[in-house]
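Since the structure comes first, as structure tokens, the remarks are kept for the end.
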Amino acid sequence: MKKIVLLMCLVAVVFSAQAQKKKKVVERFPAKMEAYINFDRGSAYYTKDGLNKLDSIYMIAFDKENKRFYKMTITGYDDGEEVSESTTDLARDRAVMVFKYFASREETEYIIKRTPSYQVTSCAGQQEYYIKYKMPFDFRWINIANADKNILPEGIDCKGKVHVIVEEDQEDCLGSFYDYDFPSQDTVLTGNYTKVTIPKGAIEYLHHTKDTLKNEYSIQFKDVMAFDDLADNYFLVPHNKQYIINAGYIVITPSSKPDYNTCVGKDTIQPNIDIRVFLEPNQRNSGLKFFGKTYKPNGDIVYKAISTKKIKDKEADEMWIQCLITPFQFDTIFVGKKVEEKEMSDYFYPGRSEEPGSFECLGGWLKCYKLDKTGKYVLKDKMQGILRKPRGM
């Protein structure tokens with residue numbers, strides 16, 4: 015029984031020590047600090063005591079471990095005498111002197127603070143990061159003799175002083191760049207037969223950033239799904255082992271995308287970019303799937319089937335196919351069907367090298383249509399279930 019009581023006491027001591035340590039950290043870097051910096055009568059140079067106070071504020075607020083985002087208010091006061099030619103700028107000069115103290119620590123014309131934080135990108139994951147920013151400040155000076163008594167601090171003799179307030183204001187320090195996401199909202203790109211939805215932050219996001227922001231990002235998008243556009247320059251989906259019939263394709267070209275081979279956090283990136291393609295009635299039972307770039311462990315690229323789902327709208331009598339991709343797969347996304355070599359003749363006619371629409375395959379030439387005597391397209395039955403109807407059919 016004594017052992018149990020002793021153990022409980024030890025646990026209580028540990029928790030108490032942890033609480034005290036946390037309390038000390040909070041006290042070390044408070045959310046708000048203020049001090050009155052002393053000046054000699056008629057002087058715009060702070061006293062030794064005033065310098066000690068400034069040093070103390072600097073050591074706390076600008077400590078490399080201080081994770082708070084501060085703004086500063088500097089208010090200069092004169093000596094309370096009637097304003098004369100010799101004292102008219104005294105309050106301002108004192109405020110300027112305090113401002114210069116903090117600016118000179120970074121040898122710049124601004125007050126610069128570095129706050130430890132972290133950045134998260136779609137590839138690198140979370141990394142330690144120092145945010146360097148110009149500290150927002152409110153700069154003012156007051157001639158006491160002419161001032162409205164309501165704006166003077168109550169119960170404090172502010173003659174010959176500069177009042178410095180340092181207080182946390184994260185939004186003002188980071189502004190509109192706080193928690194940057196691209197895209198900043200769900201974005202929908204539409205083509206003639208397709209819809210691509212890119213959720214907020216799907217491509218990249220950076221937490222607590224101001225000077226690593228990519229200001230420009232663009233995505234070009236097109237779909238090639240119509241029979242006439244596809245058949246005139248027909249080709250199979252590229253693959254070195256299988257035959258994949260091409261029923262159309264979507265090209266998504268971003269101004270930049272994560273590099274798979276150098277991306278540290280690639281295993282954590284989920285496919286959440288939604289692609290949907292509308293199917294014509296003749297295509298609904300053809301087993302069409304999406305095919306996109308897939309990376310092998312060695313970094314090589316191969317086009318493989320992407321998990322494809324049918325979406326039915328019974329009221330509108332419409333059907334779509336849907337897949338989800340990652341930013342790594344931005345490029346060409348195909349719609350097609352995998353077939354064996356012996357099945358190719360069920361889909362294609364023999365062609366010749368000089369014939370429009372012919373492509374080289376199986377040691378010869380094939381084409382996905384022929385023309386009848388009236389100039390209309392003629393397709394094999396199985397190909398009619400894969401491609402959209404030609405214009406006029």
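Using the working numbering, read the sequence shown as starting at 15 and increasing by one per residue.
Ideal Cβ positions, reconstructed from N, Cα and C, are used throughout, including at glycine.
Can you name, in chain order, every residue of its own chain whose Cβ lies under 8 Å from the Cβ of residue i, other than the five neighbours on each side?
i: Val19; result: Summary for Val19: the model assigns pLDDT 43, below 50, so the residue's position carries little reliability, and this model does not support an answer.
i: Glu230; result: Ser269
i: Arg106; result: Gly90 and Trp155
i: Tyr274; result: Lys280, Tyr309, Gly313 and Phe342
i: Tyr361; result: Ile259, Val353, Cys382, Lys394, Lys396, Met397 and Ile400
i: Tyr124; result: Ala117, Lys148 and Met149
i: Glu79; result: Phe43 and Pro130
i: Ile74; result: Arg42, Phe43, Pro44, Met47 and Asn80
Which same chain residues, not among the five before or five after residue i, have their C-beta less than 7 Å away from its C-beta?
i: Val39; result: Model confidence at Val39 stands at a pLDDT of 49, short of 50, so the residue's coordinates are unreliable; what they give is reported in the following sentence. Nothing listed; no residue qualifies.
i: Ile51; result: Tyr60, Gly64, Lys67, Leu68, Val112, Lys175, Val176 and Val178
i: Arg298; result: Met333
i: Ala466; result: Since the first and last residues shown for the chain are 15 and 407, residue 466 lies out of range.
i: Asp92; result: Thr101, Leu104, Ala105, Asn157 and Ile158
i: Val278; result: Cys137, Ala138 and Gly139
i: Arg55; result: Asp93 and Gly174
i: Lys62; result: none
Would you call the CB atoms of residue i and residue j closer than 7 Å?
i: Ile212; j: Ile287; result: yes
i: Ser367; j: Lys381; result: no
i: Met239; j: Tyr207; result: yes
i: Lys351; j: Gly301; result: yes
i: Phe342; j: Val251; result: no
i: Ile320; j: Gln336; result: no
i: Tyr263; j: Thr346; result: yes
i: Ile289; j: Ser136; result: no
i: Leu338; j: Pro285; result: yes
i: Lys236; j: Val265; result: yes
i: Lys303; j: Glu181; result: no
i: Tyr132; j: Glu121; result: no
i: Phe53; j: Arg108; result: yes
i: Arg128; j: Tyr144; result: yes
i: Arg402; j: Phe241; result: yes
i: Lys81; j: Pro130; result: yes
i: Asp186; j: Lys328; result: no
i: Ile315; j: Lys307; result: yes
i: Tyr317; j: His253; result: yes
i: Gly389; j: Trp379; result: no
Any heavy atom of the ligand FMN closer than 6 Å to the Cβ of residue i?
i: Thr201; result: For the ligand FMN, the structure offers nothing, since it holds no ligand at all.
Check the DSSP bridge columns for residue i and list the partner residues they point to.
i: Thr211; result: Val202 and Asp288
i: Thr87; result: Asp152 and Ile179
i: Gly189; result: Gly189 is not bridged to any residue.
i: Leu385; result: Tyr391
i: Leu380; result: Pro364 and Phe373
i: Asp195; result: Tyr219
i: Asp246; result: According to DSSP, Asp246 bridges with nothing at all.
i: Ser131; result: Tyr143
i: Ile347; result: Ile264
i: Phe235; result: Ile266
i: Gln336; result: Arg290 and Lys323
i: Ile170; result: Beta-bridge pairing links Ile170 to no other residue.
i: Tyr257; result: Val353
i: Val251; result: Ile258
i: Ile165; result: Answer is none; Ile165 lacks a bridge partner.
i: Ile126; result: Lys148
Going by beta carbon distance, what residues of the same chain come within less than 6 Å of residue i, once the five residues before and after it are set aside?
i: Val134; result: Gln140 and His221
i: Gln184; result: Phe83
i: Asp152; result: Thr87
i: Lys36; result: For Lys36, the pLDDT reaches just 47, beneath the cut-off of 50, and the residue's location in the model is therefore unreliable, leaving the point undetermined.
i: Val392; result: Lys384 and Asp386
i: Gly215; result: Asp195
i: Tyr248; result: Gly371, Phe373 and Cys382
i: Ala245; result: Gly371, Cys382 and Tyr383
i: Ala58; result: Asp107, Arg108 and Met111
i: Thr340; result: Ile283 and Pro285
i: Cys172; result: Tyr91
i: Phe344; result: Ile266, Pro268 and Lys271
Check: Counting only runs that start and end within the stretch 281-333, where is the beta strand (DSSP E) found for 3 or more residues in a row?
Finding: 287-293, 303-309, 315-320 and 323-327
Next item on the list: Mind listing, in chain order, the continuous beta strand (DSSP E) runs of no fewer than 3 residues lying wholly within the stretch 45-124?
Entry: 46-52 and 84-91
Notebook entry, point to check: Contact between the stretch 149-168 and the stretch 194-202: three or more CB pairs below 8 Å?
Noted result: Output reads no: the stretch 194-202 does not touch the stretch 149-168.
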